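Data first, discussion second: the structure below is written as structure tokens.
There are 2 protein chains.
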Amino acid sequence: MSKQAASLTLTDVTAEAFCCQPLAQHRVPAETAAVLAPAFKALGDPVRLQLMSMIASADNGEACVCDLTPAFNLSGPTISHHLKSLREAGLVDSERRGTWVYYRARPAVLRQLAALLTVEPVTVS
Amino acid sequence: MSKQAASLTLTDVTAEAFCCQPLAQHRVPAETAAVLAPAFKALGDPVRLQLMSMIASADNGEACVCDLTPAFNLSGPTISHHLKSLREAGLVDSERRGTWVYYRARPAVLRQLAALLTVEPVTVS
DNA sequence: CCACTGTCTTGACATCTGTCGAAACAGACA
DNA sequence: TGTCTGTTTCGACAGATGTCAAGACAGTGG
């Protein structure tokens, strides 16, 4: 069978191909909702949505905190707090290299969320 | 002409084609983030994510509150509250027909969110 | 008009969230 | 070692959120 062997720790968004049937085609089961809702929640703040975009669209695929922080009128700790939210939601990874910390997007998770929201092009009658 | 007349209240997600460049291709501007974040926020609760799915995937495109409520171990007012959140986020519409109230998804908004999260298939080197 | 059913609003409550300043931690570099 | 810079954690606080019970509102049908 597939990756469903035993009671796998399915409760991890970062597992590749965790889901997703489009939300508009099949009812999202409670378990799936519990796993994916936190990711949407993380994107549900304007600051985090921008942070996510800045990270995902960065030239080399990663962004330094030192580049992210000045883009907002917010304190360092606050930005750090938001980045932690994104990290805990599985949307980004962080890595320290010397003095600076770099954040990198996890495209697989973004793809899952996008797949979930996918709607058929247009209802042609 | 289109709906863009003058300084249109662009701060409305429900405006067709309000956006969206994929988040991973261009930085999401603050204004766009402010408009779209509430939609993600609305999907950021497991109950609402399931409600959204139940509505969007309903047979005739609409779901009655009387069908939604029994699917959860939550009081009527609580479900109503969540449905209000979805409505205010522009994700669903509601209509009363006689005794029952029906909710219907707004596919255009879902499409915008999906477009925003779209990531290129796989980074082929 | 009155009662009954379905849905929403109100008021209350505990919890969570976004924000900051202060302090702690991690490396670089003298 | 000590100091400086960049980042995170801690502690605190106001405001938002999820939940419920009680009551208000909307339609149906006597």
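As you go down the protein sequences, you meet chains A and B in turn. Those letters in the first sequence? Residues 67 to 191, per the working numbering, in order. Those letters in the second sequence? Residues 67 to 191, per the working numbering, in order. We put the CB at the ideal spot given by N, CA and C, even for glycine. Computed from a prediction, not measured in an experiment: that's the story for all the values here.
In the three-state DSSP reduction, residue 172 (chain A) falls in the coil class, being neither helix nor strand. Along the length of the stretch 97–165 of chain B, whole alpha helix (DSSP H) runs at least 4 residues long occupy 112–122, 131–134, 142–154, reported in chain order. Closest by C-alpha distance to residue 172 (chain A), out of A:187, A:85, A:111, A:127, is A:127. Put simply, the CB of residue 147 (chain B) is far from chain A, with every gap to its CB atoms at 8 Å or more. Proximity of residue 112 (chain B) to chain A, defined by a Cβ-Cβ separation below 8 Å, is satisfied. Classified as buried, residue 104 (chain A) has 16 or more neighbouring CB atoms from the shown chains inside 10 Å of its CB. By the CB criterion at 8 Å, residue 151 (chain B) and residue 114 (chain B) fall inside the cutoff. Nearest C-alpha to residue 157 (chain A) among A:102, A:94, A:141, A:88: A:102.
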